[in-house]
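Q: Residue numbers (full-length UniProt numbering): 1 to 191.
Glycine included, C-beta positions come from ideal geometry on N, C-alpha and C.
Only a predicted model underlies this, so the values are computations on that prediction, with no experimental measurement involved.
Quick one: structure below, then a few questions.
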Amino acid sequence: MGRAVYYRSLVHLLFINFPYALAAWVYLFVFTVSGTTLLVALPLGALLCFLNLLGARAFSRGELALQTTFHSPLSYPAPYPPRPIFTRYREPTTAEIESGRLASGRSSLVPERSFYKNTYAMFTDPTSYQALFYFIVIKPAITLSLLLVILIFAVPAIILILPAPAALRAVRRLGKWQANIAVEGLYHAVR
Numbered sequence: 001m002g003r004a005v006y007y008r009s010l011v012h013l014l015f016i017n018f019p020y021a022l023a024a025w026v027y028l029f030v031f032t033v034s035g036t037t038l039l040v041a042l043p044l045g046a047l048l049c050f051l052n053l054l055g056a057r058a059f060s061r062g063e064l065a066l067q068t069t070f071h072s073p074l075s076y077p078a079p080y081p082p083r084p085i086f087t088r089y090r091e092p093t094t095a096e097i098e099s100g101r102l103a104s105g106r107s108s109l110v111p112e113r114s115f116y117k118n119t120y121a122m123f124t125d126p127t128s129y130q131a132l133f134y135f136i137v138i139k140p141a142i143t144l145s146l147l148l149v150i151l152i153f154a155v156p157a158i159i160l161i162l163p164a165p166a167a168l169r170a171v172r173r174l175g176k177w178q179a180n181i182a183v184e185g186l187y188h189a190v191r
């Protein structure tokens, strides 16, 4: 393991993690509250709830990409291919197979073109709500705690140079811990 791994972890936890978590929390909290409140005025509330889930799924994909980039290897394999943000894939119909419109190659699944079916799939997919719970409840507590620990203990230890290797190893372990929580909270299905 090179030193770059330790510094990548420190840079992510110190400079990237908090702004990303803050942006996700503000966006999802505002859209959750306003969307559920305005469900009385159904079209507007439904639109805000749609944008809320779309944002949760987009933030989820971004979070998984950040965690695997800065803290890999993780205890869990990264989801490949990543879960779709909106478009779901389905088996081709008989008419599509017979017409030969399918691209021969990578897989037998085709993207769903119906907006209503994609929307229904997004609203009924439990990972949409896992992402909401993760970004509104779990991520803020972890992010604030880690940021305070790093600012109070790790940064002075790195400045003092002698305890810097131990501080960087501790930051790396904390980073891997919170990255594994992110993968568990965003990717693994709730049973």
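Taking buried to mean at least 16 other C-beta atoms within 10 Å of its own C-beta, is G185 buried or exposed?
A: Flag for G185 reads buried.
Q: Closer than 8 Å is the cut-off here; do at least three beta carbon pairs connect the segment 67-81 with the segment 167-181?
A: At 8 Å Cβ cutoff, the stretches touch.
Q: Leaving out the 5 sequence neighbours to the left and right, which residues in its chain are closer than 6 Å to L10 when beta-carbon positions are compared?
A: Taken in chain order, the residues that qualify are V171.
Q: Return helix, strand or coil for M1, following the three-state DSSP convention.
A: Residue placement at M1 is poorly supported in this model, since its pLDDT is 41, which falls under 50; the coordinates are not used for a value here.
Q: Counting only runs of 4+ residues fully inside the segment 28-108, write out the alpha helix (DSSP H) ranges in chain order.
A: Correct list: 42-71 and 94-99.
Q: What span of residues does the alpha helix (DSSP H) with P165 cover, start to end?
A: Taken as a continuous stretch (DSSP letters only), the alpha helix (DSSP H) holding P165 covers A164 to L186.
Q: Could you check whether K139 and L74 sit closer than 8 Å to each other, using their CB atoms as the reference points?
A: Result no, Cβ atoms of L74 and K139 do not sit closer than 8 Å.
Q: Does I161 pass the burial test, meaning 16 or more other C-beta atoms within 10 Å, or should it be called exposed?
A: So I161 ends up on the exposed side.
Q: Kindly indicate the opening and closing residues of the alpha helix (DSSP H) around F115.
A: Residues F115 to T124.
Q: Does the segment 83-96 come close enough to the segment 22-35 that 3 or more CB-CB pairs lie under 8 Å?
A: No, they do not touch.
Q: What are the partner residues of P111, as DSSP defines its beta bridges?
A: Y89, per the DSSP bridge assignment.
Q: May I ask which residues mark the beginning and end of the alpha helix (DSSP H) holding A154?
A: Where A154 is concerned, there is no enclosing alpha helix (DSSP H), given that its DSSP letter is neither H nor E.
Q: I'd like to confirm something about S108: is its beta-carbon nearer than 7 Å to some heavy atom of the ligand HEM, or not?
A: Of ligands this structure carries none, so the ligand HEM is not represented either.
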